[in-house]
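Let me begin by presenting the structure, written as structure tokens, before commenting on it.
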Amino acid sequence: MRDLASSQPYLLSMDAHVCVAGGVVVLLDVATGKYLAIGREQSATLGSQILGWPVPPGSQKRTPILDTLVARGLLTRDSRLGRPATSVTIALPRRWLREGEPRGCPTITPRDVRRFAWAVAVAACAKKCVSLKTIVARVQKRATDQSLQESQLDRLAWLVRVFDWLRPFAFKKTDECFLYCLALSEFLSRYGFFPSWVFAVRTFPFAAHCWLQYGDYVLTDIPFNLRRMVPILVL
Numbered sequence: 001m002r003d004l005a006s007s008q009p010y011l012l013s014m015d016a017h018v019c020v021a022g023g024v025v026v027l028l029d030v031a032t033g034k035y036l037a038i039g040r041e042q043s044a045t046l047g048s049q050i051l052g053w054p055v056p057p058g059s060q061k062r063t064p065i066l067d068t069l070v071a072r073g074l075l076t077r078d079s080r081l082g083r084p085a086t087s088v089t090i091a092l093p094r095r096w097l098r099e100g101e102p103r104g105c106p107t108i109t110p111r112d113v114r115r116f117a118w119a120v121a122v123a124a125c126a127k128k129c130v131s132l133k134t135i136v137a138r139v140q141k142r143a144t145d146q147s148l149q150e151s152q153l154d155r156l157a158w159l160v161r162v163f164d165w166l167r168p169f170a171f172k173k174t175d176e177c178f179l180y181c182l183a184l185s186e187f188l189s190r191y192g193f194f195p196s197w198v199f200a201v202r203t204f205p206f207a208a209h210c211w212l213q214y215g216d217y218v219l220t221d222i223p224f225n226l227r228r229m230v231p232i233l234v235l
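Using UniProt numbering, you'd call the opening residue of the sequence shown number 1 and step up by one each time.
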């Protein structure tokens, strides 16, 4: 039985997500919130060991990087706890949702302010006190279909505009993409909108980023800034 188990390929754990950016394999461990980059040569040695690995196999010799991934809980041979190491697929957005909007402050109601305050408080507490794994599970539970009519897109754009006008009272947007996305996601959920939350990376130099996306529209950034990013997790 031991020989049979050792001959089975490894699977990516449910907490791990993978992509290939600039020829480098990047893993995101939602249990720890940390990224791990694996170079081209090391990645090739894993192709014959891990089911669905996104890099063609090279040497079949067991290497230390495989043991490292197993020790970190990123790989498993238990099909109940793992899945093939395939990368997520989502097209990068080509349009900014708020493009062409009217100038000036939108009409903001007391209900909007209350929902904004609630969303920011939830997001700030979650970022400080809750693990990424718990946050991911919360967002995944409320994922829903993204087909919207034009009138609904206008409503969504207006709500994002309201949030962005209120946001400076709570936090700065600069270097706060995670808090921004989480707070806006919570805010929009109170109105029945559930955009995709995309986590992505780039290499040379390495950078991690996230944004909210509804179909071909980006809500929290502009398409130009995302052109070099490779999605690794979509909620």
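Every residue gets a Cβ at the ideal spot worked out from N, C-alpha and C, and that includes glycine.
Reducing DSSP to helix, strand and coil, say where I38 ends up. Assigned with DSSP and collapsed to three states, I38 falls in strand.
Every unbroken alpha helix (DSSP H) within the stretch 105-142, with a cutoff of 4 residues, ordered by chain: Runs found: 110-129, 132-141.
Sub-8 angstroms separation of L46 and Y35 beta-carbons: no
So who's on the other strand from D29, going by DSSP bridges? A16, K34
What residues in its chain sit with their C-beta under 8 angstroms from that of R2, if we drop five residues either side in the sequence? Any reading at R2 must be qualified, since the residue scores a pLDDT of 45, below 50, and its modelled position is unreliable; the value itself is stated next. Cβ neighbours of R2 beyond the five flanking positions: none.
Using only alpha-carbon positions, find the residue among I90, L75, W211 that is nearest to C177. W211
Look up V70 in the DSSP assignment and give the residues it is bridged to. Beta-bridge pairing links V70 to no other residue.
Stretch pair the stretch 59-77 + the stretch 115-124: three plus CB contacts closer than 8 angstroms: Judged by Cβ distances under 8 angstroms, the stretch 59-77 makes no contact with the stretch 115-124, as fewer than three pairs qualify.
Give the single residue among K173, A37, L92 whose Cα lies nearest to the Cα of V218. L92
Pick from T68, F199, I108: whose alpha carbon is nearest that of S43? T68
Is DSSP giving A91 helix, strand or coil here? Looking at A91 - three-state DSSP - the assignment turns out to be coil, as it is neither helix nor strand.
So, under 8 angstroms CB-CB, A183 and A119 are touching, yes? Tell me the CB distance rounded to an integer number of Å. 5 angstroms
Would you say K128 lies against chain D (beta-carbon separation less than 8 angstroms)? This model lacks chain D altogether, as it is built from one protein chain only.
Do V198 and V234 have their beta-carbon atoms positioned less than 8 angstroms apart in this structure? yes
Give me the Cα-Cα distance between V113 and L159, rounded to the nearest whole angstrom. 11 angstroms
May I have the straight-line CA-CA distance separating T221 from Q8, to the nearest angstrom? Checking the sequence, you will find Asp at residue 221 rather than Thr. Roughly 43 angstroms separates the two Cα atoms.
Reducing DSSP to helix, strand and coil, say where S185 ends up. helix
Here's the rule I'm using: 16 or more other beta-carbon atoms within 10 Å means buried, otherwise exposed. How should D216 be labelled? exposed
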